[in-house]
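Remarks on the structure that follows.
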Amino acid sequence: MSYVVVGAGIVGLSVARALLLSRPGSAVTVLDKEPTVAAHQTGHNSGVVHAGLYYPPGSLKAVLCRRGVGLLEEYTADKGIPYQKLGKLLVALDRDEESRLLGIRERALANGVPDIRMLGPDGLRAIEPHATGRAALHSPHTAVVDFPRVARSLAEDITALGGQVLLGRTVRAINQSAGAVRVSTGAEHVVADQAVLCGGLHADRLARLAGGAPGPRIVPFRGEYYRLTPQRASLVRGLIYPVPDPRYPFLGVHLTRRHDGSVDVGPNALLALAREGYRHRDVDLRDLRESLAWPGLWQLGRRHWRTGARELAGSVVKRRFVAAARAYVPELDPADLRRAPAGVRAQALDRDGALVDDFRIETVDRVVAVRNAPSPAATSALAIAEHVVGRMLTGRI
Numbered sequence: 504m505s506y507v508v509v510g511a512g513i514v515g516l517s518v519a520r521a522l523l524l525s526r527p528g529s530a531v532t533v534l535d536k537e538p539t540v541a542a543h544q545t546g547h548n549s550g551v552v553h554a555g556l557y558y559p560p561g562s563l564k565a566v567l568c569r570r571g572v573g574l575l576e577e578y579t580a581d582k583g584i585p586y587q588k589l590g591k592l593l594v595a596l597d598r599d600e601e602s603r604l605l606g607i608r609e610r611a612l613a614n615g616v617p618d619i620r621m622l623g624p625d626g627l628r629a630i631e632p633h634a635t636g637r638a639a640l641h642s643p644h645t646a647v648v649d650f651p652r653v654a655r656s657l658a659e660d661i662t663a664l665g666g667q668v669l670l671g672r673t674v675r676a677i678n679q680s681a682g683a684v685r686v687s688t689g690a691e692h693v694v695a696d697q698a699v700l701c702g703g704l705h706a707d708r709l710a711r712l713a714g715g716a717p718g719p720r721i722v723p724f725r726g727e728y729y730r731l732t733p734q735r736a737s738l739v740r741g742l743i744y745p746v747p748d749p750r751y752p753f754l755g756v757h758l759t760r761r762h763d764g765s766v767d768v769g770p771n772a773l774l775a776l777a778r779e780g781y782r783h784r785d786v787d788l789r790d791l792r793e794s795l796a797w798p799g800l801w802q803l804g805r806r807h808w809r810t811g812a813r814e815l816a817g818s819v820v821k822r823r824f825v826a827a828a829r830a831y832v833p834e835l836d837p838a839d840l841r842r843a844p845a846g847v848r849a850q851a852l853d854r855d856g857a858l859v860d861d862f863r864i865e866t867v868d869r870v871v872a873v874r875n876a877p878s879p880a881a882t883s884a885l886a887i888a889e890h891v892v893g894r895m896l897t898g899r900i
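Residues in the sequence shown are numbered consecutively from 504, following the working numbering.
What follows is the structure, given as C-alpha cells:
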C-alpha cells in the first residue's frame, strides 16, 4: 500500500508515523510547502499539553485529548524530550464564574482527568503565591512541552521507518481515479492508494482540491502575546487560566510558563489579514477576500462585534491588555511585559457563523481530510493519528 500525507505539522507527521507502524513496508510520503516541519500552528503555540478539562464528554476532543495525553507522555519519555507537569489553575473571580467552574469540574471528572480539586483563595495562593481569585480548579497533570521538537522527532521516525518527508512542495492539485490518488506539486506528482490532508491553516482549500464540501471555511485569527521580563517570570509558577465564558467565542488572556521557563501572557484574538499573518502588516489579498466572502464571518461579527472591539482595543492599548492579566496577578505592571511572537489560529467557521468546536474529519473517496483540528490538536496528535489510521485500515472512514 502507498499513502501520501499533506502537511508536516504535528498532526500530519503523527498520521504518517502511524501508517508506517501499522503497515510496515508501506510507501508513505509527507508533503509540505514550507522548508521546515512545524512551520505554522505547531511551531507557534503555547506548548501546553491539555488535560481535557473543558471538552464535552464523548466528543472527539474529549476522547482523543485524554488518549493523546498518555501517548504523548510515553513518546516524550522514550525520546528523552522534557515533559514538565507544571499544573494549571482555572481561576474564578466572582460567584458567577465559580458556578461555571463547578460545571467544568463535572466535565473534567466525566472525561477522566485525574487528581483535579477545587480550591479557595488560600489554596490557590499556595500553588501560585502571586495569583488572586475567589476559587480555582487545579489540574496538577497539565504539562508543557516543546512541540516543534516533538514534530522534528516524528519526522526522524518517519525516515527511519522507510518513509519520506518532502519539504518545499506546494500542493497544486489532487485528482482521484478508480484506484489511486494523484497529488501534484507543479512538475512533481505523487501517486498513492490513499491520501490524508492535514493542512491546518489551508485545510479547507486542500479539501476542496480533493472534491470536499465548501465548508467549513478556515478564517484566520491572530493571537498576540506579551512575555514577562526574565526578572518577573517568577510571578507565575505554572499555568493560570480564566474560566471560559460560553457567551464569547475565545478564551481570553491567560498566563503560561513555557517549556524554556519564559512566561507568556495572552493571547487576544484578532481577525488576521492573511492565513499566515503573524504581524499586523501581513496582508494576503486572496486570503482576505475568501474570509470576507464567507457568510459565516459576517454572522459571527454580528453576534460578537463587542468582543471584537475589546480585543482590538487590547491590541492597540497595552494597558488594557495588561489589565486583563492583572485580574489574576495584580502585581503585574506594563513595564513587566514585552512583545512576544504571535500565533495564528485556523478557525473553522460554518456558513451560519458557528465556530466549529470539535475535531472534524471528512472523507472523499480515497482522501481523508482533517477539516478542523484546533487546540488541543497538538496534545491529541498521536491519538488523532491512531483514530484516523485505525478507521482507514478497517474501511470505516
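For each residue, glycine too, the CB sits at the ideal point set by N, CA and C. This structure is a prediction, so every number in the text was calculated from the model and none was measured.
Hey, out of R652, L840 and Q667, whose CA is closest to L738's CA?
Along the sequence shown, one-based indexing puts residue 738 at 235. When only C-alpha atoms are compared, the closest one is L840.
Excluding the 5 residues flanking I513 on each side, which residues of the same chain have their C-beta closer than 8 Å to its C-beta?
Here residue 513 refers to the residue found at position 10 of the sequence shown. Cβ neighbours of I513 beyond the five flanking positions: A541, T545, F650, V653, A654, L657, A880, A881 and A884.
Name the two residues that bound the continuous beta strand (DSSP E) containing V533.
Here residue 533 refers to the residue found at position 30 when the sequence shown is read from its first residue. Where V533 is concerned, the enclosing beta strand (DSSP E) stretches over A530 to D535.
Would you check if the distance between the CB atom of E889 and the CB atom of A521 is smaller than 8 Å?
On the sequence shown, position 386 is the one that residue 889 refers to. On the sequence shown, position 18 is the one that residue 521 refers to. Yes, they are a contact pair.
Determine the contact status of L589 and A646, defining contact as a CB-CB distance below 8 Å.
On the sequence shown, residue 589 is found 86 positions in, with the first residue counted as 1. On the sequence shown, residue 646 is found 143 positions in, with the first residue counted as 1. In this structure, A646 lies closer than 8 Å to L589 by Cβ.
Report back the beta-carbon spacing between G799 and D836 to the nearest angstrom; my notes put them in contact at under 8 Å.
For this step, residue 799 is matched to residue 296 along the sequence shown. For this step, residue 836 is matched to residue 333 along the sequence shown. Rounded, the Cβ-Cβ distance is 40 Å, inconsistent with contact.
Identify the residues that DSSP records as bridge partners of D767: which are they?
Here residue 767 refers to the residue found at position 264 when the sequence shown is read from its first residue. According to DSSP, D767 bridges with R730 and T759.
If I'm right that I677 touches A851 with Cβ under 8 Å, what's the distance once you round it to whole angstroms?
As a working note, residue 677 is residue 174 in the sequence shown. As a working note, residue 851 is residue 348 in the sequence shown. So it is not a contact: roughly 19 Å between Cβ atoms.
The alpha helix (DSSP H) spanning M895 covers which residue range?
The residue labelled residue 895 in the question sits at position 392 within the sequence shown. Unbroken alpha helix (DSSP H) run through M895: A880 to L896.
Pick out whichever of V832, R569 and L774 has its Cα sitting closest to the Cα of H807.
Sequence index remark: in the sequence shown, residue 807 carries index 304 (1-based). For H807, the nearest C-alpha among the options comes from L774.
Where do the ends of the beta strand (DSSP E) carrying E691 lie?
Taking the first residue of the sequence shown as position 1, residue 691 is located at position 188. E691 -> beta strand (DSSP E) spans E691 to A695.
Express the C-alpha separation of P719 and V648 in angstroms, rounding to a whole number.
For the purposes of this step, residue 648 is taken as residue 145 along the sequence shown, with counting starting at 1. For the purposes of this step, residue 719 is taken as residue 216 along the sequence shown, with counting starting at 1. Their backbone Cα atoms lie some 30 Å apart in a straight line.
Are there 16 or more other CB atoms within 10 angstroms of the CB of K564, so buried, or fewer, so exposed?
For the purposes of this step, residue 564 is identified with residue 61 of the sequence shown, where counting begins at 1. It is buried - the Cβ of K564 has at least 16 other Cβ atoms within 10 Å.
Looking only at DSSP bridge pairs, what is T866 linked to?
As a position in the sequence shown, residue 866 is number 363, starting the count at 1. Answer is V871, bridged to T866.
How long is the line joining the alpha carbons of L524 and E814, rounded to whole angstroms?
Within the sequence shown, the letter at position 21 stands for residue 524. Within the sequence shown, the letter at position 311 stands for residue 814. About 44 Å.
Since G846 is in the alpha helix (DSSP H), which residue starts that stretch and which ends it?
For the purposes of this step, residue 846 is identified with residue 343 of the sequence shown, where counting begins at 1. G846 -> not in any alpha helix (DSSP H); beta strand (DSSP E) instead, spanning L840 to L852.
How many Å lie between A634 and D535 at the Cα?
Translated into the one-based positions of the sequence shown, residue 634 becomes position 131. Translated into the one-based positions of the sequence shown, residue 535 becomes position 32. So the alpha carbons of these two residues sit roughly 42 Å apart.
Identify which residue in E609, G726 and L712 has its Cα closest to the Cα of F824.
Residue numbering aside, residue 824 sits at position 321 when the sequence shown is read from its first letter. Here the closest residue by C-alpha is G726.
Could you check the C-alpha separation between R750 and A777 for me, to the nearest Å?
Within the sequence shown, numbered from 1, the residue matching residue 750 stands at position 247. Within the sequence shown, numbered from 1, the residue matching residue 777 stands at position 274. Rounded to whole angstroms, R750 to A777 spans 27 Å at the Cα level.
How is the alpha helix (DSSP H) around P624 delimited, first residue to last?
Walking along the sequence shown from the start, residue 624 turns up at place 121. Unbroken alpha helix (DSSP H) run through P624: P624 to I630.
Would you please state the rounded distance, in angstroms, between the beta carbons of H543 and E779? I believe it to be under 8 Å.
Position 40 of the sequence shown, counted from the start, is the residue given in the question as residue 543. Position 276 of the sequence shown, counted from the start, is the residue given in the question as residue 779. Contact flag correct, Cβ pair sits at about 7 Å.
Under three-state DSSP, which class holds R662?
Residue 662 sits at position 159 when you count from the first residue of the sequence shown. One point to set straight first is that residue 662 is Thr, not Arg, in the sequence displayed. Three-state result, T662: helix.
If you reduce the DSSP assignment to three classes, tell me which class S505 lands in.
Sequence index remark: in the sequence shown, residue 505 carries index 2 (1-based). If DSSP states are grouped into helix, strand and coil, S505 belongs with the strands.
Rank R792, G528 and T810 by C-alpha distance to the C-alpha of D748 and give the top, closest one.
Working through the sequence shown from its first residue, we reach residue 748 at position 245. Ranking the options by Cα distance to D748, first place goes to T810.
Do you know how far the Cα of H783 is from the Cα of G834?
Here residue 834 refers to the residue found at position 331 when the sequence shown is read from its first residue. Here residue 783 refers to the residue found at position 280 when the sequence shown is read from its first residue. Per the sequence presented here, residue 834 reads as Glu, with Gly not at that position. Computed Cα separation, rounded: 29 Å.
Applying the 10 Å Cβ sphere with the 16-neighbour rule, what's the burial state of S642?
Along the sequence shown, one-based indexing puts residue 642 at 139. So S642 ends up on the buried side.
To the nearest angstrom, how far is it from the Cα of R740 to the Cα of Y557?
Position 237 of the sequence shown, counted from the start, is the residue given in the question as residue 740. Position 54 of the sequence shown, counted from the start, is the residue given in the question as residue 557. So the alpha carbons of these two residues sit roughly 22 Å apart.
From Q587 to G682, what distance separates their C-alpha atoms?
The count along the sequence shown starts at 1 and reaches residue 587 at position 84. The count along the sequence shown starts at 1 and reaches residue 682 at position 179. Rounded to the nearest angstrom, the two C-alpha atoms are 46 Å apart.
Over what stretch of residues does the beta strand (DSSP E) that includes A777 continue unbroken?
Numbered from 1 along the sequence shown, position 274 holds the residue referred to as residue 777. No beta strand (DSSP E) contains A777, which DSSP labels as neither H nor E.
Do you know offhand how far Q679's Cα is from R685's?
Numbered from its first residue, the sequence shown carries residue 679 at position 176. Numbered from its first residue, the sequence shown carries residue 685 at position 182. Rounded to whole angstroms, Q679 to R685 spans 6 Å at the Cα level.
For K591, which beta-bridge partners are listed by DSSP?
What you label residue 591 is simply residue 88 of the sequence shown in a count that begins at 1. K591 is bridged to S642 and L742.
In angstroms, rounded to a whole number, what distance separates the CA positions of D763 and D868?
As a position in the sequence shown, residue 763 is number 260, starting the count at 1. As a position in the sequence shown, residue 868 is number 365, starting the count at 1. Approximately 44 Å, taken between the alpha carbons.
Can you check whether the CB of V531 is closer than 8 Å to the CB of I661?
Sequence index remark: in the sequence shown, residue 661 carries index 158 (1-based). Sequence index remark: in the sequence shown, residue 531 carries index 28 (1-based). Result yes, Cβ atoms of I661 and V531 sit closer than 8 Å.
Tell me, to the nearest whole angstrom, how far the beta carbon of S878 is from that of H553; I am working on the premise that it is less than 8 Å.
Within the sequence shown, numbered from 1, the residue matching residue 878 stands at position 375. Within the sequence shown, numbered from 1, the residue matching residue 553 stands at position 50. That belief holds up - the Cβ atoms of S878 and H553 are roughly 7 Å apart, short of 8 Å.
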